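Enquirer: From first to last, the protein sequence lines are chains V and P.
For the first sequence, my numbering gives the first residue as 88, with consecutive numbering after it.
For the second sequence, my numbering gives the first residue as 88, with consecutive numbering after it.
Using N, Cα and C, we set each Cβ at its ideal position, and we do this for glycine too.
It should be emphasised that the depicted structure is a prediction, and the values quoted were computed from it without experimental measurement.
Number of protein chains: 2
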Amino acid sequence: MFSKACEYAIRSIIFIATSSLEEKRVGFKEIAEEIDAPEAFTAKILQKLSKNNFIQSTRGVNGGFEIGLEQIKNIYLHEIVDLFDGDRIYKGCGLGLAKCSNEHPCPVHDQFKIIREKLSQMLQTTNIYELATGIKSGNYFLRT
Amino acid sequence: MFSKACEYAIRSIIFIATSSLEEKRVGFKEIAEEIDAPEAFTAKILQKLSKNNFIQSTRGVNGGFEIGLEQIKNIYLHEIVDLFDGDRIYKGCGLGLAKCSNEHPCPVHDQFKIIREKLSQMLQTTNIYELATGIKSGNYFLRT
DNA sequence: TTAATTAAAGAGTTCAATATCTTTAATTAT
DNA sequence: ATAATTAAAGATATTGAACTCTTTAATTAA
């Protein structure tokens with residue numbers, strides 16, 4: 088469904104959010120460990136999230152990554168997906184046709200339309216705060 | 088959503104079905120042309136579909152690919168998707184966790200569950216016959 | 001039985017995503 | 001100032017999907 092980079096990005100940002108809710112910065116090694124992702128690759132993903140202002144980074148001793156408390160509730164899943172994978176997953180044609188539309192539909196257009204709309208709505212309405220509190224509650228997990 | 092191979096496979100089998108409904112065999116070059124896919128790659132995909140008995144192939148003059156008329160109504164989208172992409176798309180975790188379940192859910196498990204179920208149901212209930220007749224009706228298209 | 005036509009099979013290539021490694025820059029503590 | 005710590009940046013490597021090419025096998029028609 089999503090690229091690996093996108094999966095790691097979502098897992099990372101959720102973990103950083105849980106830490107930020109406890110006013111703790113976290114380093115990329117700790118993040119990679121907690122979300123069970125390759126260290127160096129995670130670092131690259133964090134750079135991208137940081138450059139796009141979804142997270143803040145601080146170098147040096149006691150540095151690491153964090154998210155502003157006000158910001159956590161304002162980041163929605165679709166923003167992260169858009170950044171890493173674009174909108175192809177919930178806008179593109181199910182059969183990969185470049186020109187597929189209501190006016191010129193592929194054979195599965197009507198069937199996929201429903202799925203795409205559900206997915207799009209879900210990504211637009213799910214924010215990082217609720218996912219982070221899920222982790223904090225202990226009912227949801229970022230790794231085995 | 089699906090791999091390119093899977094997309095081409097679905098497009099191919101729909102086109103072969105429309106031809107078979109007119110009792111015409113079609114060669115891989117014609118198929119590739121009609122679905123706007125690379126020729127050699129399409130040939131490989133057809134081999135796989137053929138080996139797995141979704142289509143029949145005949146070599147030599149007037150050879151090509153076809154589907155038995157009775158069979159067309161009995162092939163469902165999920166069978167093709169399973170063959171090329173496995174069941175990961177509608178069974179796997181949205182965040183790529185190996186162990187994600189109702190008992191040990193990832194943060195987006197509940198949200199994705201709905202999408203996955205919709206997708207799964209759609210793939211289980213959509214068959215090649217209805218898609219092929221859509222093409223024949225002129226209301227749906229396999230390429231621009 | 002030869003030539004033409006068609007798919008099958010297997011090896012090889014290309015490319016983008018995934019992942020790693022090394023060097024540089026910023027920050028803090030001593 | 002120096003050392004330690006942390007992320008940024010850029011180059012490199014690996015892998016698997018996407019795609020191609022060449023040879024072989026089967027079938028049919030002349």
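Which one of P:K186, P:F102 and P:K131 has the shortest CA to CA distance from K223 of chain P?
Expert: To locate residue 223 of chain P, count along the second sequence from 1; it is residue 136. Nearest of P:K186, P:F102 and P:K131 to K223 of chain P, Cα basis: P:F102.
Enquirer: Taking just the CA atoms, how far does R175 of chain V sit from C180 of chain P?
Expert: Counting from 1 along the second sequence, the entry for residue 180 of chain P is found at position 93. Counting from 1 along the first sequence, the entry for residue 175 of chain V is found at position 88. So the alpha carbons of these two residues sit roughly 19 Å apart.
Enquirer: I'd like to check one pair, L182 of chain V with E94 of chain P: are the Cβ atoms closer than 8 Å?
Expert: Here residue 94 of chain P refers to the residue found at position 7 of the second sequence. Here residue 182 of chain V refers to the residue found at position 95 of the first sequence. Yes, Cβ-Cβ distance for E94 of chain P and L182 of chain V is below 8 Å.
Enquirer: Under the rule that 16 or more other beta-carbon atoms within 10 Å means buried, what is V195 of chain P, buried or exposed?
Expert: Taking the second sequence and counting its residues from 1, the one referred to as residue 195 of chain P is at position 108. So V195 of chain P ends up on the buried side.
Enquirer: Examine chain P for any beta-carbon lying closer than 8 Å to the beta-carbon of I101 of chain V, and answer yes or no.
Expert: Here residue 101 of chain V is taken as the residue at index 14 of the first sequence, counted from 1. Yes - at least one Cβ of chain P is within 8 Å of the one on I101 of chain V.
Enquirer: Can you have a look at I215 of chain P and say buried or exposed, based on whether 16 or more other CB atoms are within 10 angstroms of its CB?
Expert: Here the question's residue 215 of chain P lines up with position 128 in the second sequence. So I215 of chain P counts as buried.
Enquirer: Interface residues of chain P around P125 of chain V at Cβ under 7 Å?
Expert: Walking along the first sequence from the start, residue 125 of chain V turns up at place 38. Result: empty, since nearest Cβ-Cβ is about 12 Å, beyond 7 Å.
Enquirer: Note the first and the last residue of the continuous alpha helix (DSSP H) segment covering T212 of chain P.
Expert: Position 125 of the second sequence, counted from the start, is the residue given in the question as residue 212 of chain P. H196 to T212 is the span of the alpha helix (DSSP H), which, as asked, contains T212 of chain P.
Enquirer: Within 10 angstroms of its Cβ, does V148 of chain P collect 16 or more other Cβ (buried), or is it exposed?
Expert: Along the second sequence, one-based indexing puts residue 148 of chain P at 61. Label assigned to V148 of chain P: exposed.
Enquirer: Counting only Cβ pairs nearer than 8 Å, list the residues of chain V close to H191 of chain P.
Expert: As a first step, residue 191 of chain P must be located in the second sequence, where it is residue number 104. Per Cβ cutoff of 8 Å: F228 and T231.
Enquirer: Relative to the alpha-carbon of E153 of chain P, which residue among P:Y177, P:A96, P:N161 and P:F141 has its alpha-carbon at the smallest distance?
Expert: To locate residue 153 of chain P, count along the second sequence from 1; it is residue 66. Of the candidates P:Y177, P:A96, P:N161 and P:F141, the one whose C-alpha sits nearest the C-alpha of E153 of chain P is P:F141.
Enquirer: So if DSSP puts T145 of chain V in a beta bridge, which residue, or which two residues, is it bridged to?
Expert: Working through the first sequence from its first residue, we reach residue 145 of chain V at position 58. Bridge partners of T145 of chain V: V:G151.
Enquirer: Would you mind sorting E157 of chain V into buried or exposed? The rule is 16 or more other CB atoms within 10 Å of its CB.
Expert: Position 70 of the first sequence, counting from 1, holds the residue named residue 157 of chain V. By the 10 Å Cβ count, E157 of chain V comes out exposed.
Enquirer: Using a Cβ-Cβ cutoff of 7 Å, what residues of the region 163 to 180 of chain P are near chain V? List them in chain order.
Expert: Correct list: I176.
Enquirer: Does DSSP put Y227 of chain P in a helix, a strand or coil?
Expert: The count along the second sequence starts at 1 and reaches residue 227 of chain P at position 140. Of the three classes helix, strand and coil, the one that applies to Y227 of chain P here is coil, per DSSP.
Enquirer: Rounded to a whole number of angstroms, what is the C-alpha to C-alpha distance between K91 of chain P and G150 of chain V?
Expert: One-based indexing of the second sequence puts residue 91 of chain P at position 4. One-based indexing of the first sequence puts residue 150 of chain V at position 63. C-alpha separation (whole angstroms): 42 Å.
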